[in-house]
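**Student:** Start counting the sequence shown at 0; every next residue gets the next number (numbering that gives the first Met the number 0). Take a look at this one; I'll ask things after.
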Amino acid sequence: MVVDDTIVAVSSPPGPAMRGIIRLSGPRASALAQHVFKPDLVGPLEAGLMPRRVVGKVTVEAVSLPAAALVFPAPRSYTRQDIVEIHLLGAPTLLGMVTEALLACGARRAEPGEFTARAFLAGAMDLSQVHGIAGMIAAVSDAQLRAAARLLHGSLSETAPKAREEIADLLSLVEGALDFADEPIEFITPVALRDRLVRVKNLLADTSAAGLRTERWGRLPRAVLLGRPNAGKSSLFNSLSGMNRAICAPVPGTTRDVISAPIRAESVECLLLDIAGLDAPRDRIDARAQAQAREAVESADVVLLVIDAAEIATGFDSVGAANSPIAEFLADVQAFLREDQARFIVANKADLVSDAQMASVANLLCASATLPVIETSTITGEGCDHIRSLIARALFNRPMDKDDGAIALMAEHREALDESVNAVDRAIALTVQSSASLADADLVAAELHAAAAALGALVGREDTEELLGRIFSRFCVGK
Ligand code: GDP
0 MVVDDTIVAV SSPPGPAMRG IIRLSGPRAS ALAQHVFKPD LVGPLEAGLM PRRVVGKVTV
60 EAVSLPAAAL VFPAPRSYTR QDIVEIHLLG APTLLGMVTE ALLACGARRA EPGEFTARAF
120 LAGAMDLSQV HGIAGMIAAV SDAQLRAAAR LLHGSLSETA PKAREEIADL LSLVEGALDF
180 ADEPIEFITP VALRDRLVRV KNLLADTSAA GLRTERWGRL PRAVLLGRPN AGKSSLFNSL
240 SGMNRAICAP VPGTTRDVIS APIRAESVEC LLLDIAGLDA PRDRIDARAQ AQAREAVESA
300 DVVLLVIDAA EIATGFDSVG AANSPIAEFL ADVQAFLRED QARFIVANKA DLVSDAQMAS
360 VANLLCASAT LPVIETSTIT GEGCDHIRSL IARALFNRPM DKDDGAIALM AEHREALDES
420 VNAVDRAIAL TVQSSASLAD ADLVAAELHA AAAALGALVG REDTEELLGR IFSRFCVGK
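Structure, rendered in structure tokens:
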């Protein structure tokens, strides 16, 4: 990984915004920035040792606009190198033009995560903190952000080096015993060694268990809106998420992709999914949309079965309750769901039916499936709070022992911790076999080497270039 050239990237989020940021890092950051940024007051951009803000203008092609440059001289910067951030109007075309101009005068376009990679390589942070930052960038919800922040500041970056130091200490004692096997010196008794190893193991195992909780936390639980086309799923999605993302229309088949938004159900946060209505596919695109929809349903913890109450009520008037296709629909859907998926019926469009009709609809639904029925209307807003409270209750009671959607963020950590715990465990087993003096000291030493190496990878001291590349490539450009 090259670290001594000067890299550039837009580091503000994509899309138009009031403010955009272009970030340069490397020995020529100030010199290159001056090609596009002129301070209002005379004076070179690179003067001084302290971070500061310089007001001026960005000029590129025929455009000249007010801007500010934040100058962070090395080593007082994120990457420990000279950094200049140009803060300007967040118009994507303008940001693109300025970046191109900087590339033309000698900067290199930063790879995803390259700024953080430089910070890491300069010793500004360890790998678990790097993971924390990656998590923050990828976080789509408060809960994920909190989980990532806990990683960044959390116990892992304290525990791993501490455990590693203790293991290194024990290793030196065991190796001392090996080197001086013929001498009557006792470096450490098997009992003392075992006690200290058990303490290290417990520390690592506790951290690994806490990591697991973070993983579960990091993956938001999901609630999916499932129903026939036109039942009002997209309208409910918009009402519950407070967003206007799903397109609602009287034409069936309007929703094709899976749309998701984080929502708060009382104290619980979850991801609400809107999917294509389940019906016989009309064409190839619809068949794909339905396949995606089924995958989304499989991933859900809570399923909201959305029914058009008005349609059922009309069906009563013309064909009679017994012929309503709703019972068949509910039976089909239920057969498709897993047992551990909480579910309830949402009888939507309550505003279109009379109380008496709604009572018959509810009776029919109850007879078809023994599930709670919530009456809703996206026109009057009726029932939305009730839905939230049922989702919250279902999620609160959900079994917590499944490990599937664990976020990748923690996977490497857990692997390294568990590898280390296992090696320490094997070393403990060897010391148990020894009585007065340490037999098999060479085997114990080998296990301790393995334990320290696993932790080394965690704190980032023994990493290969390949591993680094893999981690930093998850970042977005500009970070
Ligand atoms: P989807 O296909 O299930 O996503 O259904 P949409 O949300 O697109 O809604 C289909 C049609 O029903 C649209 O014309 C909506 O305006 C209408 N609609 C949705 N919810 C309600 C409701 O509670 N009351 C009434 N009167 N119309 C609704």
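Even for Gly, the Cβ is constructed at its ideal location relative to N, Cα and C.
1. What are the start and end residues of each continuous beta strand (DSSP E) run of 3 or more residues lying completely inside the segment 275-318, in chain order?
2. Please classify Asp3 as buried or exposed, where buried requires at least 16 neighbouring CB atoms within 10 angstroms.
3. Spatial neighbours of Asp354 within its chain, please: CB distance less than 7 Å, with the 5 preceding and 5 following residues excluded, ordered by chain position.
4. Note down the Cα distance separating Thr313 from Ser240, rounded to an integer number of angstroms.
5. Where does the unbroken alpha helix (DSSP H) through Gly95 begin, and where does it stop?
6. Hey, would you say Arg221 sits closer than 7 Å to Ala451, going by beta carbons?
7. Determine the burial state of Ile284: buried for a count of at least 16 other Cβ atoms within 10 Å of its Cβ, exposed for fewer.
8. According to DSSP, is Val423 part of a helix, a strand, or is it coil?
9. I need the boundaries of the alpha helix (DSSP H) containing Phe328, first residue and last residue.
10. Taking its Cβ as the centre, do 16 or more other Cβ atoms sit within 10 Å of Thr369, making it buried, or is it exposed?
11. Could you please give me the residues that DSSP links to Phe36 through a beta bridge?
12. Note down, one range per segment and in chain order, each alpha helix (DSSP H) of at least 4 residues found wholly within the segment 436-461.
13. Mind checking who Leu87 pairs with in its DSSP beta bridge?
14. Quick one: does the C-beta of Ala288 sit closer than 6 Å to a heavy atom of the ligand GDP?
15. By how many angstroms is the C-alpha of Leu454 removed from the C-alpha of Gly112?
16. Return the residue from the list Phe335, Ile85 and Ile344 that minimises the CA-CA distance to Gln33.
17. Where do the ends of the alpha helix (DSSP H) carrying Asn237 lie?
18. Which first and last residues belong to the alpha helix (DSSP H) in which Asn362 is found?
19. State the DSSP-derived secondary structure class of Val62, mapped to helix, strand or coil.
20. Please classify Glu282 as buried or exposed, where buried requires at least 16 neighbouring CB atoms within 10 angstroms.
21. For Arg163, which residues does DSSP report across the bridge?
22. DSSP beta-bridge partners for Asp273?
23. Use the C-beta contact count for Pro12: other C-beta atoms within 10 angstroms, 16 or more gives buried, fewer gives exposed.
24. How big is the Cα-Cα spacing for Leu408 and Pro38?
25. Below 8 Å CB to CB, which residues in the same chain sit around Gly122 once its five sequence neighbours on both sides are set aside?
26. Please classify Glu446: is it buried, with 16 or more other beta-carbons within 10 angstroms of its beta-carbon, or exposed?
27. Any contact between the segment 256-272 and the segment 373-393? By contact I mean 3 or more CB pairs, one from each, below 8 Å.
28. Pro26: which of Met17, Gly14, Arg18 and Val7 sits nearest, CA to CA?
29. So is the beta-carbon of Ser238 under 6 Å away from any non-hydrogen atom of the ligand GDP?
30. Going by DSSP, which residues form a beta bridge with Phe395?
31. If we count the other Cβ atoms within 10 Å of its Cβ and call it buried at 16 or more, is Glu297 buried or exposed?
32. Under the assumption that Leu304 contacts Leu225 (Cβ atoms under 8 Å), give the Cβ distance between them as a whole number of angstroms.
33. Please indicate yes or no: does the CB of Ile258 lie closer than 6 Å to some heavy atom of the ligand GDP?
34. Measuring CA to CA, which of Leu40, Leu442, Met96 and Lys232 is closest to Ile378?
35. Could you round the C-beta distance between Leu94 and Gly14 to whole angstroms and report it? I think they count as a contact, below 8 Å.
36. Taking its Cβ as the centre, do 16 or more other Cβ atoms sit within 10 Å of Gln432, making it buried, or is it exposed?
**Tutor:** For this structure:
1. 301-307
2. exposed
3. none
4. 30 Å
5. Pro91 to Ala103
6. no
7. exposed
8. helix
9. Ile325 to Phe335
10. exposed
11. Val57
12. 440-458
13. Gly19
14. no
15. 23 Å
16. Ile85
17. Lys232 to Ser240
18. Asp354 to Ser367
19. strand
20. It should be pointed out that residue 282 corresponds to Asp in this sequence rather than to Glu. Result: exposed.
21. Paired residue(s): none; Arg163 is not in a bridge.
22. Leu224 and Ile258
23. exposed
24. Because the pLDDT of Leu408 is 38, which lies under 50, any placement of that residue in the model is unreliable, and the question is left without a value.
25. Arg79
26. buried
27. yes
28. Val7
29. no
30. Partner(s): none; Phe395 has no beta bridge.
31. exposed
32. 6 Å
33. no
34. Lys232
35. That pair is no contact at about 10 Å.
36. exposed
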